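First comes the structure, then the notes that go with it.
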Amino acid sequence: MATRRSRLELVFDILLAIQNKGGKIKPTHLMYKSNLSHKLLNGYLEELLQKELILLEEEAVKKKKRPMKVVRITDKGLSFLAEFRRMREFTDAFGL
Amino acid sequence: MFRLFFTPGWFNGYDLLFDSIGLVVALLIAAYSWRVYQLHQENRFKYFSLAFLLVSISFGFKIFTSGVLYYFPVRETVAQVLRPAAGAGLKYSALFYRAGFFLQMASMLGAWLLIFLISQKSRARLTKFYEVSQIGLFVYLVLLISVVSNFEYVVFYLTSSVLLALIVLNYYKNYLTTGKVNALMVLTAFLFILAGNLFLVFVFMESSFYAVGELFMLVGFLLLLYTYRKVIRR
Numbered sequence: 027m028a029t030r031r032s033r034l035e036l037v038f039d040i041l042l043a044i045q046n047k048g049g050k051i052k053p054t055h056l057m058y059k060s061n062l063s064h065k066l067l068n069g070y071l072e073e074l075l076q077k078e079l080i081l082l083e084e085e086a087v088k089k090k091k092r093p094m095k096v097v098r099i100t101d102k103g104l105s106f107l108a109e110f111r112r113m114r115e116f117t118d119a120f121g122l
Numbered sequence: 715m716f717r718l719f720f721t722p723g724w725f726n727g728y729d730l731l732f733d734s735i736g737l738v739v740a741l742l743i744a745a746y747s748w749r750v751y752q753l754h755q756e757n758r759f760k761y762f763s764l765a766f767l768l769v770s771i772s773f774g775f776k777i778f779t780s781g782v783l784y785y786f787p788v789r790e791t792v793a794q795v796l797r798p799a800a801g802a803g804l805k806y807s808a809l810f811y812r813a814g815f816f817l818q819m820a821s822m823l824g825a826w827l828l829i830f831l832i833s834q835k836s837r838a839r840l841t842k843f844y845e846v847s848q849i850g851l852f853v854y855l856v857l858l859i860s861v862v863s864n865f866e867y868v869v870f871y872l873t874s875s876v877l878l879a880l881i882v883l884n885y886y887k888n889y890l891t892t893g894k895v896n897a898l899m900v901l902t903a904f905l906f907i908l909a910g911n912l913f914l915v916f917v918f919m920e921s922s923f924y925a926v927g928e929l930f931m932l933v934g935f936l937l938l939l940y941t942y943r944k945v946i947r948r
């Protein structure tokens, strides 16, 4: 059975999902990719916005009147991903 | 003059250099583990940091005590400083060496014990009370062994070897689970440290085993440094 993801692992999964989509992603897609409920994801997104790890932007789409909302990863978010990977390597190596 | 280990004269000083390298490596790992703790806020990282801090403290005590023992000018200076407390004839100078070696042994055994407990995957099932009582019992044993080892150094290296063998077993399991090269490097590093300790057990038979043991320990710590650098530079 898979173990529960920690808060930090959830943050990592959210940021990784954005990075894997080229740095920006639609909130609905992010919900599916990170395997979180709408309510939970919104809570995490608010926290990530406050910590400046992501940005919420609006993009104009052809044939549509209303602009589309996208979540974009910041440089600080990318640094966090790199740091988290290093820490995971460290914990794997030392069996922590 | 008080002499706990049967060290070959020609090796005096080199061992201090080797131990200094071990001290720096242990400090680096302790600092990084503390950084991981600050991000994750999980106790295992705090304990791991404490364990490597204890390793560096142990090396620190060994370097200081052996340094005083080896080098005449240092010994004279320390003798001058300690004279008011130790008496004119420095009757209690053996006490100083015993205290130094006791602190070295207690912190090193404590460190190995902590690393063994942390590297055990079954810790999740332990209740807080069980964990505390287990740690209390082990701390008592570590202190007892450290006192006894001051009279028979073999006890220290033998206990150290047993704990290291258990750590190696845990890291072997960890390597089988993760299958990562870094996990294999850590396993190999602890194998070298274990081999070093085993050589040190038999120093009473052949004093040059002390140099071999220290060399193996150095290789172990250098491997830990290599793994640490590899992880950090990613």
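Chains A and B supply the protein sequences, listed in that same order. Just so we're aligned, residue 27 is where the first sequence starts under our numbering, counting upward by one. Just so we're aligned, residue 715 is where the second sequence starts under our numbering, counting upward by one. The C-beta atom is built at its ideal place from N, Cα and C for all residues, glycine as well. Remember, it's a predicted structure, so these values are computed and weren't measured experimentally.
Item: Does the beta-carbon distance from residue 895 of chain B to residue 825 of chain B come in below 7 angstroms?; Value: no
Item: How about residue 80 of chain A and residue 51 of chain A: are their beta carbons less than 7 angstroms apart?; Value: no
Item: Going straight from the alpha carbon of residue 918 of chain B to that of residue 118 of chain A, what length do you get?; Value: 39 angstroms
Item: Could you name the residues of the stretch 88-104 of chain A whose beta carbon sits closer than 8 angstroms to any beta carbon of chain B, in the order they occur along the chain?; Value: none
Item: Verify whether the separation of the beta carbon atoms of residue 112 of chain A and residue 853 of chain B is less than 7 angstroms.; Value: no
Item: Anything in the stretch 915-943 of chain B with a Cβ closer than 7 angstroms to a Cβ of chain A? List those residues in chain order, please.; Value: 941
Item: Mapping the DSSP letters down to three states, classify residue 934 of chain B as helix, strand or coil.; Value: helix
Item: If you draw a straight line from the C-alpha of residue 954 of chain B to the C-alpha of residue 887 of chain B, how long is it?; Value: As displayed, chain B neither begins before 715 nor continues past 948, which places residue 954 of chain B out of reach and without an answer.
Item: Cα separation between residue 926 of chain B and residue 861 of chain B?; Value: 26 angstroms
Item: Count the C-beta pairs between the stretch 810-823 of chain B and the stretch 765-784 of chain B that are closer than 8 angstroms, then say yes if the count reaches three, no if not.; Value: yes
Item: What does DSSP give as the partner residue(s) for residue 97 of chain A in the beta ladder?; Value: A:51, A:82
Item: Throw me the rounded Cβ distance for the residue 730 of chain B and residue 780 of chain B pair, which I believe falls under 8 angstroms.; Value: 6 angstroms
Item: What residues from the stretch 807-828 of chain B come within 8 angstroms of chain A, judged by C-beta to C-beta, listed N to C?; Value: none
Item: Measuring CB to CB, does residue 763 of chain B end up less than 7 angstroms from residue 740 of chain B?; Value: no
Item: What residues in the stretch 861-892 of chain B bring their beta carbon closer than 9 angstroms to a beta carbon of chain A?; Value: 884, 885, 887, 888, 889, 891, 892
Item: Going straight from the alpha carbon of residue 57 of chain A to that of residue 72 of chain A, what length do you get?; Value: 14 angstroms
Item: If I measure Cβ to Cβ from residue 85 of chain A and keep anything under 7 angstroms in the same chain, skipping five residues before and after, which residues do I get?; Value: 93, 94, 96
Item: Can you name, in chain order, every residue of its own chain whose Cβ lies under 6 angstroms from the Cβ of residue 38 of chain A, other than the five neighbours on each side?; Value: 110
Item: Please confirm whether residue 757 of chain B and residue 834 of chain B have their CB atoms less than 7 angstroms apart.; Value: no
Item: Buried or exposed for residue 753 of chain B, going by 16 or more other Cβ atoms inside 10 Å?; Value: exposed
Item: Given that a residue counts as buried once 16 or more other Cβ atoms are within 10 Å of its Cβ, and exposed if not, what is residue 43 of chain A?; Value: buried
Item: Suppose you measure from the CA of residue 914 of chain B to the CA of residue 734 of chain B; what does that come to, to the nearest Å?; Value: 18 angstroms
Item: Determine, for residue 123 of chain A, whether the minimum Cβ-Cβ distance to residues of chain B falls below 7 angstroms.; Value: Past the edges of chain A, shown from 27 to 122, lies residue 123 of chain A, and the structure says nothing about it.
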